[in-house]
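Below is one structure; the comments refer to it alone.
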Amino acid sequence: MNTKTVEAPEERKALKRAARKKAPAKAKRAATVARGSMKKKVKVMVKGQSRKR
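Its first residue numbered 423, the sequence shown is counted upward by one per residue in the working numbering.
This is the structure:
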(Lines of atoms letter the chains of each structure in order from A and count residues from 1; the text may use other names and numbers.)
(Lines give C-alpha, C1' and ligand atoms only; values in the text may rest on other atoms or scores of the structure.)
Protein backbone atom coordinates (compact mmCIF):
# COMPACT_ATOMS: atom_id res chain seq x y z
CA MET A 1 0.00 0.00 0.00
CA ASN A 2 1.42 3.36 -1.05
CA THR A 3 0.58 6.08 1.49
CA LYS A 4 3.12 8.69 0.39
CA THR A 5 0.38 11.05 -0.78
CA VAL A 6 -1.39 11.01 2.64
CA GLU A 7 -0.10 13.80 4.88
CA ALA A 8 -1.82 13.16 8.22
CA PRO A 9 -0.12 10.36 10.24
CA GLU A 10 -3.39 9.22 11.85
CA GLU A 11 -5.12 8.93 8.48
CA ARG A 12 -2.14 7.05 7.03
CA LYS A 13 -2.19 4.66 9.99
CA ALA A 14 -5.92 3.99 9.51
CA LEU A 15 -5.44 3.29 5.80
CA LYS A 16 -2.58 0.87 6.46
CA ARG A 17 -4.52 -1.00 9.15
CA ALA A 18 -7.51 -1.35 6.83
CA ALA A 19 -5.26 -2.68 4.07
CA ARG A 20 -3.70 -5.20 6.46
CA LYS A 21 -7.13 -6.44 7.55
CA LYS A 22 -8.28 -6.77 3.93
CA ALA A 23 -5.14 -8.65 2.80
CA PRO A 24 -5.28 -12.46 2.75
CA ALA A 25 -3.60 -14.31 5.61
CA LYS A 26 -0.01 -15.34 5.03
CA ALA A 27 0.73 -19.06 4.77
CA LYS A 28 2.42 -20.65 7.76
CA ARG A 29 6.01 -21.80 7.43
CA ALA A 30 6.31 -25.53 6.73
CA ALA A 31 7.57 -27.68 9.61
CA THR A 32 10.43 -28.95 7.45
CA VAL A 33 11.86 -25.46 6.81
CA ALA A 34 14.34 -24.05 9.32
CA ARG A 35 13.30 -20.83 11.07
CA GLY A 36 16.40 -18.91 10.00
CA SER A 37 16.57 -20.28 6.47
CA MET A 38 16.26 -16.80 4.92
CA LYS A 39 19.01 -15.31 7.10
CA LYS A 40 22.28 -14.21 5.58
CA LYS A 41 24.88 -16.90 6.25
CA VAL A 42 28.18 -15.95 7.92
CA LYS A 43 31.28 -17.36 6.24
CA VAL A 44 33.78 -19.23 8.42
CA MET A 45 36.91 -17.12 8.79
CA VAL A 46 40.48 -18.28 8.29
CA LYS A 47 42.55 -18.31 11.49
CA GLY A 48 44.67 -15.23 12.05
CA GLN A 49 42.52 -12.79 10.10
CA SER A 50 40.98 -9.70 11.68
CA ARG A 51 37.23 -9.44 11.46
CA LYS A 52 35.87 -6.38 9.66
CA ARG A 53 32.77 -5.00 11.29
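Heads up, the beta-carbon is just placed ideally off N, CA and C, and yes, glycines get one too.
*Counting only the same chain and skipping the five closest in sequence on each side, list residues whose C-beta sits under 8 Å from that of residue 425.*
434, 437 and 438
*Expressed to the nearest angstrom, what Euclidean distance is found between the alpha-carbon atoms of residue 462 and residue 470?*
23 Å
*Alpha carbon to alpha carbon, how far is residue 429 from residue 444?*
22 Å
*Straight-line CA distance for residue 446 to residue 455?*
22 Å
*asked:* Please list the terminal residues of the continuous alpha helix (DSSP H) segment that includes residue 433.
replied: 431-444
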